[in-house]
Structures are given as structure tokens and as C-alpha cells.
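Sequences listed follow chains A and B, in order.
In case it helps, full-length UniProt numbering puts the first sequence at residues 1 to 483.
In case it helps, full-length UniProt numbering puts the second sequence at residues 1 to 303.
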Amino acid sequence: MNKPPDMTQLSLYAKREPVFNRRIDGKFRRIKWAIMALCLAVYWVTPWLRWDRGPYAPTQAVLIDLAHRRFYMFGIEIWPHEFYFVAGLLIMAGIGLFLVTSAVGRAWCGYACPQTVWTDLFQHVDRLIDGDRNARMRLYKAPWGPAKIARRLVKWAIYLAISLATGGAWIYYFADAPTLWTEFWSGTADPVAYATVATLTATTFVLGGFMREQVCIYMCPWPRIQTAMTDEKSLTVTYKDFRGEPRASLKKSQKAPDVFGDCIDCNQCVAVCPTGIDIRQGPQVGCITCALCIDACDRVMHDIGRPRGLIDYATLDDAEREKAGQPPTRHLKLIWRPRTLAYLAVWAGIGLALLFALGTRVHTGLTVAKDRNPPYILLSDGSVRGAYTLRLRNMEGRPRRMEIAIVGLPGAVMWTDDSARADAARTLTRTIPADATLPLRVYVVAPPTTAAQDFTFRVTAEGEARETALSEVTFDTPQEANP
Amino acid sequence: MAEHHPKGRLDEATNTETVGHEWDGIEELNTPLPRWWLWTFYACIVFALGYSVVYPAWPMLSSATQGTLGWTSRGELDKDMKAAAATRAKTVAALADMRIEELPKHPELMRAAVAGGAAAFRINCVQCHGAGAAGSKGFPNLNDDDWLWGGDLKTIETTLLHGIRQPGDDATRMSIMPNFGSDGLLTAAQIDAVAGHVLSLSGKARGNAEGAKLFADNCAVCHGPAGKGSRQFGAPNLTDAIWLDGGTKDDVVAQIGKPHMGVMPAWTGRLDPVTIKMLAAYVHSLGGGEQTPAPEPEAAATP
């Protein structure tokens, strides 16, 4: 079944075989166009959506503000200490990939992966400029001349324009998009913006324009993992060899329909493949399950009056059942199996936990760091002082007054750097600016003979909810050090 | 055993050509790497060679090649130091022009000074006062509210500039306590009685009439009749809870018999005036700093 290898070329290093895939129209081609349009539209439009957060916060709906360490997503604002939300989303994305793979095979690779989307786009540019498969092959073999150079330059210029438009759009997620747009094109943007655009444009140009399937086969780890994750119940693009083999040309098989299978060896499945593989050799790492070969084969089967589905989305189990004359399993049934449900349960569990955390989080925060060197200070009147650095977080878009109180530690009072010891009290009040953290160094003084013990700082924010945050800390004394 | 076969033979199981090597029946298949990968590898080698020409790299007998760019890590550090100095220049100039008493009116400068002082403290002061400025026996704790010479910004700066008991510095602080024991000024029994009285001032012992009289005759000159000390002479307050040289009876007896007196270097000339201001600001910020020179209750009473 396999073609014998080319014996003349025996080198440790293989030259890339360029892929000239033929234009094809069909159900899956149209799905690919729709998903590409959707992905690019979401990617381009998102940074330009506005979201009113009041006077103290940016009005961009989705913004990764690295300088101020804030991540805005519509009504949600993530602070650095809440990075677990981002970590949780990344874990969900990972498990989501497992879930999709176990349910519908390599759907990610075939439709949604950026490398697929860009390769598809660039291959379309190839067809627009150089023509379809045969014209491109001729041009590839033709010697370099003015006409070929001109075509190449035009094509690469379009590659570059697409790379700039797509790679360059990434920066608008990291700053106010309209401002950055003006700055970028007037040459006053931050050098980091230009460097980012240059890098992403260059990588898109090289990876999408030239390396293409090489990225999928040699660089990307995901196909290897997917290969291990798919099993006989995974939906893959399958060539039904029991129906197709032995192959023969249309003429030959029409003469002897009992001897030959449905495959007329027209090679259309190979011609349309964006990664240049032959699906008839069985499941292989180069197959991204984009299903363009299904479109091509179905069209041929229709034309020669044989049933569609010689190449089809099917599981290996299905192929066996069909071979034995049984009806195939319904695809929905494939999704509801223990493995898929386990992934779904884990995925949904993390999602619900994140939603719960999001719904119950308070917008007031307190962290306390105790001075450890020295752990306590004996004052001249015999009382003992401990020093603490409080960090008060106001995670709302308006300034808020907060009351800080000592809970426990009888007789203790506190004062701060910006107040006098004479004004020491059990509670003090500070206004925390909007969406900010206020560091406050606090001295707590307890009467002589106080024993070492734990006590609590309590922060209560003004407002109807009266949100509180607590932090328990230790108060050290000389009695503890010298028993 | 390694054997050799003709290259390019087809392996039966995989239908892949082999490279002609066989080890104990295991053959090596020819599954070529892509050529672009090879090019990347060559490019890395070229880059590495070029890098080792322009940057210091190859070890020679006594040193290493210098590289054509003339780059050195020392030069890099020098550049960084100069850049740091340039960023600090404005703050340093402002601090140099300012009297230290004015500092609290400029919170931004104060913050910068405290930060700079903290860094300078870790280099120059921790040897005696400890990393947390908590001192130890004989070395004052700079966090507390007990100051022998005063704890406002100006006084702390003066102490830093001129030190304590520094010969050759006219403005240095000199505390002088007689050697009551070793010079024979008081007998051992008298010293014991005075020590008892001193401890009674802070409620650590019962008072005694002899000690009280001896204290009034010998000690009140500097420490004041009530033992509250005097910043004029750097005489410690004997009624509070802080004992620089120890608060047990033995410690007090030893201190009266042959006093231990603190020494601190004068930092004029060793550190520049701006660093000294920063250190003063840092020490003042440790929690015991006084806002204004504290009144001297007993010095006012004694003309």
C-alpha cells in the first residue's frame, strides 16, 4: 500500500516537500471559513470594546494593564494576588483541549488553532496570486525571472500585510487601544509596542507564510499528546479501506466492479490536503482533521455516482462496525462516555469553583507583615512595642474610608508613622484611594507585663456591605524571650 | 556487535530505508530531520562564533580574549552605577541644600532619605547596632524611646557627624562617669548601697537611706536628684525600664565601680553629609524619633 521511498535521496536531512493544495469547496471548507472569520473578528474587535468603570479606572472592556498590574475583563477586575483566576482559566483551557480531543478528536488542530487559521489564509493568498495547484507547481519549477520575482514579491507583501494586521493587533490588549493606535501610527508609541509588533509580524510571516505544516509536524507538542490521547472511540478523519481497496482507475473498476473498491485513485484527497499527507495511509501525526479531503472525496463520489463517505469523520470502532455490516454509533453517544464525562466534570468543577470565588470575593483586603528584627521593642516606661506593616487594599473604583481596629491584646493601642503617639488609640481610620493599595506602618504598644500572644487586625470598609478583612498576627514580648 | 549493511536498504517492518547500521539486530532507520532545522543549527553555530569574537570568551594562558566590542562586566557595573547616581542626583542635591529640621515638611524627600539611610545603615551601622537597629548590651537600641543625647532629627545628625567620645573632634559628645570603685572614691559596701538605691528608682529593689544619701552626694550632679538623667551630659535616666549596660544588681555595681562608656565613630569625612542626613532620617523613622528637642525637666530646675 505504501509507496516505496525515493532511493536516490538518502540524506540525514530531508528537504521540505512544498504543499500545493487545491481549492475545494464543501461543507467543511465553509465551516473553516466561518470559524476563521469568527476568530479573527473576536480577536480584532475585542480591544476596541468600551466599558464604563467610573473615573478611576480605564474604560477598555478587556485590558491587560501590566504597568499597574491589573487585568480587566468587562465587569471583572483581577489583581495580582488573584492571579489564581488566570491560572484557573489556563487549567480550564488545558482540560478543555483534553475534553474536545476525547470527544471530537483533533478539532482544535483542524479549525481553531492559530497556525491552522493563518496557514489557511496564506494558502488562499497563494491561490489568488499564483493560481491553483497546477499553476503553482509550474511556477515553483519555473526558473527565476522577472515575472516570477514580481509574483513572489507581491505575494510576500500581502503575507507581510496580513502578518502586520494580525500579529500587530495583539498590542491593543495591553494599553488603551484608540490612544495606542494614534501613538503607533504617529511614531510616538513605546519602543516595546514596536518591538512586540515587529516580533509578532515576523513570526506570523515566517511560521504562517513559509513553515506551515512543518510547525505542526516538528515544532508543536500538541499533535504528539493528541496522538496518545485519541483511541478507537475518537472521531477522526478515516479512509474506509475495506470499501476503497483495491483501488483502480474509474475505467478499470467500471469494467470489473466486483474486483475493485470505490477508490478510483484520483488523488483529490491528497491534492487538497493543507499538510500534504495521504489520508489513505491511515491515521498519522500530520493529519489535522480539517476534513477538506472529505469535501474532495464526497464530490468525486457524487460525480461518479457512488455513495459518499469513503473518507469520513468516523471512529476506528465505527469503521470496524461498518465493515461488519452494522450501523455506526451515533456521534452524540461518543461524547457521553466515562472518559469524556470525567474531563467534563473536572473542567466544570474548576469553572464553578472560579465562579464561586468570583461571586464571593470582597473588594477589601488586608495583609500584615510583622517586624521580625527586632521582634519587639521595650520602651522606657516598661511597655512593649511591636511594629507591623499593613497593606490595605481597596479594590473598588472609588476612594473608600476604612476603619482599622485591634481585636484582642487587652490594653494595646496603636499609632502610625503619620500620627503621633499621643493620639494612639484602638482604632484608626484612613481613606484608601480608588483601586489602590495603601501601605501603613503601625506601631502597637501594649502595657508592661503583657504576655506574648496572637491578636487580629480588622479592617472594615465603609458602605452598606461593611466588608471586613482580618489578619491574625503575633505580638512578641521580652517575657517570651527571657522566661 | 555492530554490523554494516548497504545503505538505503528497506526495512521490512516499516518500509523505511535504513542508514546501514545494525547493533545486535537493531537497525537504525533513516527518518531525516527537516532541512530548515539543520539551517537553524548552523545559524546558531555561526552566531556563537561571532559572539565569542565580539565578547570576551576564549581562555588564554593568563587571561581571556577581550572581545572586539570592549565589553566588560566591570564597565557594565560602572555604567549602572553612573545611571543610578544620575537618577538620585536631584534628591541628593535637594538633601544637600536642606537643613535636616526642614525634612519632615517634604514627605517625598523624607521617604527617599529613609530608604537611602536604611541602605547606608546596613553597611556602616549594623556592626554595633545590629541589622534591626536593636543594639545589644552596651550598644543602644535605636528603635526605643530612650535617648541619651536626644532623639530629634538635628540631635541624631549631630551624633552621627561628631560621634561619641571621639578624640580630636571638639564637637563630639563626651560622657564622663568617674571610676567610683577602681579609683577608690567609694568602698565596695557604699557601691552596693548606691546600686540598691539606683535599682529602687525603677522599683526593682527596696530603697535604703545610705544609698540615697551617697547618690545625692555623688551621682545627682549628672543623673539629677531623682535619677532621671540629663541629656546635657549623656547621663542615662535611671528610673526607666531601659538599661543599656544591664539592669541586674551585678550590672549596676560593675557600672558604678568601673563604668563602661560607649564610643561611636564620628562619621564626618567618612560619609558624605547627604548620607549622614539620610542615616539620621532613617534612625529617626525607626519608631522612637522625637519631633522636637525634648525639654530637659531637671536641667531647667538646675541653673
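Here a beta-carbon is modelled for each residue, glycine too, at the ideal position from N, C-alpha and C.
In this structure, the alpha-carbon of L201/B lies about 29 angstroms from that of V283/B.
Residues of chain B whose Cβ lies closer than 9 angstroms to the Cβ of L379/A are, in chain order, D144, D145, D146, D240, A241, I242 and G288.
When CB distances to chain A are screened at a threshold of 9 angstroms, the residues of the region 275-287 of chain B falling below it are S285, L286 and G287, in chain order. Secondary structure at H21/B: strand, using DSSP grouped into helix, strand and coil. Here the region 389-404 of chain A lies against the region 455-471 of chain A, with 3 or more beta-carbon pairs under 8 angstroms apart. In this structure, the alpha-carbon of C125/B lies about 13 angstroms from that of V263/B. Here S230/B is buried: its Cβ has 16 or more other Cβ atoms, across all protein chains shown, within 10 Å. Against N373/A, the close residues of chain B are G130, A131, G132, A133 and A134, in the order they occur along the chain (beta-carbon pairs closer than 9 angstroms). Three or more beta-carbon pairs separated by less than 8 angstroms are not found between the region 259-268 of chain A and the region 315-328 of chain A, which leaves the two stretches without contact.
Taking a Cβ-Cβ cut-off of 8 angstroms, the neighbours of Y443/A in chain B comprise G287, given in sequence order. By the Cβ neighbour-count rule, C44/B is exposed, with fewer than 16 other Cβ atoms within 10 Å of its own.
Taking C-beta atoms under 8 angstroms as the contact rule, L160/B and L279/B qualify, at a distance of about 6 angstroms. The DSSP-derived three-state label of G349/A is helix.
For Q214/A, the closest Cβ of chain B is nearer than 7 angstroms. The beta-carbon of G382/A is placed less than 7 angstroms from the nearest beta-carbon of chain B. At a cut-off of 7 angstroms between beta carbons, P56/B makes no contact with chain A.
V104/A counts as buried, since at least 16 other C-beta atoms from the protein chains shown sit within 10 angstroms of its C-beta. The CB of R151/A never comes closer than 9 angstroms to any CB in chain B; the least such distance is about 23 angstroms.
For F20/A, no alpha helix (DSSP H) run applies, since DSSP gives it neither H nor E. Within chain A, S380 have C-beta atoms less than 8 angstroms from the C-beta of N237/B, given in sequence order. Nearest to M174/B by C-alpha distance, out of S182/B, R165/B and R122/B, is R165/B.
Against R385/A, the close residues of chain B are G287, in the order they occur along the chain (beta-carbon pairs closer than 7 angstroms).
As computed with DSSP, N394/A is found in a beta bridge with T364/A and A436/A. For R136/A, the closest alpha carbon among the candidates V362/A, F98/A and D126/A is that of D126/A.
Note: Q60/A is bridge-paired with R50/A in the DSSP secondary-structure output. DSSP places S253/A within a helical segment (H, G or I) once states are collapsed to three.
Beta-bridge partners assigned by DSSP to S230/B: A235/B.
L352/A and R70/A have their alpha carbons spaced roughly 23 angstroms apart.
Secondary structure of V237/A (DSSP, three-state): strand. Leaving aside the five residues that flank G208/A on each side, the residues in its chain whose CB is nearer than 6 angstroms to its CB run, in chain order, W118, T119 and F122. Within the same chain, and ignoring the five residues on either side of L286/B in sequence, the residues whose Cβ sits closer than 7 angstroms to its Cβ are A133, L142 and N143. Of all residues in the region 193-209 of chain B, none has a C-beta nearer than 7 angstroms to a C-beta of chain A. By the neighbour-count definition (other C-beta atoms within 10 Å, threshold 16), S102/A is a buried residue. Short of 8 angstroms from the beta carbon of S419/A, and not among the five residues preceding or following it, lie these beta carbons of its own chain, in chain order: L428. I277/A places its beta carbon less than 7 angstroms from that of G286/A.
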